[in-house]
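Chains A and B are the protein sequences, given in the same order. Residues in the first sequence are numbered consecutively from 69, following my numbering. Residues in the second sequence are numbered consecutively from 69, following my numbering. By construction, the Cβ of each residue, glycine as well, lies at the ideal position given by its N, Cα and C atoms. Quick notes on the structure that follows.
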Amino acid sequence: EPEVTQTPSHQVTQMGQEVILRCVPISNHLYFYWYRQILGQKVEFLVSFYNNEISEKSEIFDDQFSVERPDGSNFTLKIRSTKLEDSAMYFCASIGREGTDTQYFGPGTRLTVL
Amino acid sequence: QKEVEQNSGPLSVPEGAIASLNCTYSDRGSQSFFWYRQYSGKSPELIMSIYSNGDKEDGRFTAQLNKASQYVSLLIRDSQPSDSATYLCAGSGGGYNKLIFGAGTRLAVHP
């Protein structure tokens with residue numbers, strides 16, 4: 069069964085550094101999402117992406133964040149200058165064909181900012 | 069502010085019992101509701117979706133939705149130790165809208 073994949077599984081970075089988290093959504097899926105989950109807290113929406121542009125973004129998704137679909141398969145989340153509070157699990161999700169709204173989540177990337 | 073509320077638990081049930089998980093939501097515009105299971109350190113895994121008032125059954129799981137009361141529940145019959153996890157309730161405006169998650173209820177099924 070097709071799955072959403074994410075790399076790396078764990079990223080450790082120094083505060084102020086740029087990180088890029090990568091996702092490969094399920095092939096032929098149309099809508100893509102990033103969520104994050106700070107340890108012990110709820111899963112929070114960051115951004116949705118469709119047809120090569122942002123559909124919606126949350127207050128968390130400020131100018132330090134950006135998303136891109138650089139080719140036909142990858143979907144990336146970039147954090148330009150990481151802060152300690154960016155430490156979290158970041159999940160990518162995607163939705164497939166028209167008429168369905170079930171989001172399938174990738175395994176996540178654990179980001180640790182030191 | 070659109071909210072989804074869940075009792076954080078832990079909810080402890082003996083093996084073989086019925087576990088009942090509850091969720092309320094604030095946005096009357098929500099159309100779609102989902103139950104995800106999350107093991108520690110892992111990503112959310114879809115258990116069930118529900119869109120209409122009433123019950124929806126899938127194996128040992130039954131989801132219930134009451135839009136008038138803005139209430140969603142999940143029943144797990146014949147609970148197994150492998151069901152021990154955090155259960156996340158999520159609502160959506162439908163279609164390709166974002167999911168709004170509750171904080172999750174931790175379920176512990178003891179032998």
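If you check each beta-carbon in the stretch 116-143 of chain A against every beta-carbon of chain B, the ones closer than 9 Å belong to Ser116, Tyr118, Ser123, Glu124, Ser126. Around Ile163/A, the beta-carbon contacts reaching into chain B at under 7 Å are Tyr164. Residue-level contact by beta carbon holds for Pro175/A and chain B, with a gap shorter than 7 Å. Using a CB distance cut-off of 7 Å, Pro82/B does not count as an interface residue toward chain A. Residue-level contact check: Phe159/A touches chain B, since one or more beta carbons of chain B fall below 7 Å from its beta carbon. Counted as a single uninterrupted DSSP element, the stretch harbouring Val72/A is not any beta strand (DSSP E), since DSSP gives it neither H nor E.
By the neighbour-count definition (other C-beta atoms within 10 Å, threshold 16), Ile106/A is an exposed residue. Against Val181/A, chain B offers no close residue; the least beta-carbon distance is about 18 Å (beta-carbon pairs closer than 9 Å). Against chain B, a Cβ distance below 7 Å from Gln171/A picks out Leu167.
Secondary structure note for Ala85/B: it is in no beta strand (DSSP E), with a DSSP letter that is neither H nor E. The Cβ of Ser98/B sits no closer than 7 Å to any Cβ of chain A.
One finds Pro112, Leu156, Phe169 in chain B with Cβ atoms closer than 7 Å to the Cβ of Val111/A, taken in chain order.
Taking a cut-off of 8 Å on C-beta distances, the stretch 132-151 of chain A touches the stretch 79-94 of chain A, as three or more cross pairs fall below it.
Close to Ser120/B, with beta-carbon spacing below 8 Å, lies no residue of chain A; the smallest spacing is near 14 Å.
Cβ contact annotation for Asp146/B (same chain, cutoff 7 Å, sequence separation greater than five): Gly84, Arg128, in chain order. Within the same chain, Thr150, Lys151, Leu152, Val181, Leu182 come within 7 Å of Met83/A by CB-CB distance, once the 5 residues on both sides are set aside. By the 16-neighbour rule on beta-carbons within 10 angstroms, Gly97/B is exposed. Of the candidates Asn90/B, Glu73/B, His178/B, Asn90/B places its Cα closest to the Cα of Ala131/B. Straight across, the Cα-Cα distance linking Val135/A with Leu175/B is about 35 Å. Sorting Ile128/A, Asn119/A, Gln79/A by C-alpha distance to the C-alpha of Asp139/A places Asn119/A at the top. Residue environment: Gln74/A is assigned as buried (16 or more neighbouring CB atoms within 10 Å of its CB, all protein chains considered).
Inclusion of Thr170/A and Tyr158/A in the CB contact set at 7 Å is not warranted, their separation being larger than that value. Using beta-carbon distances, Ser117/B counts as an interface residue toward chain A, with a partner under 7 Å.
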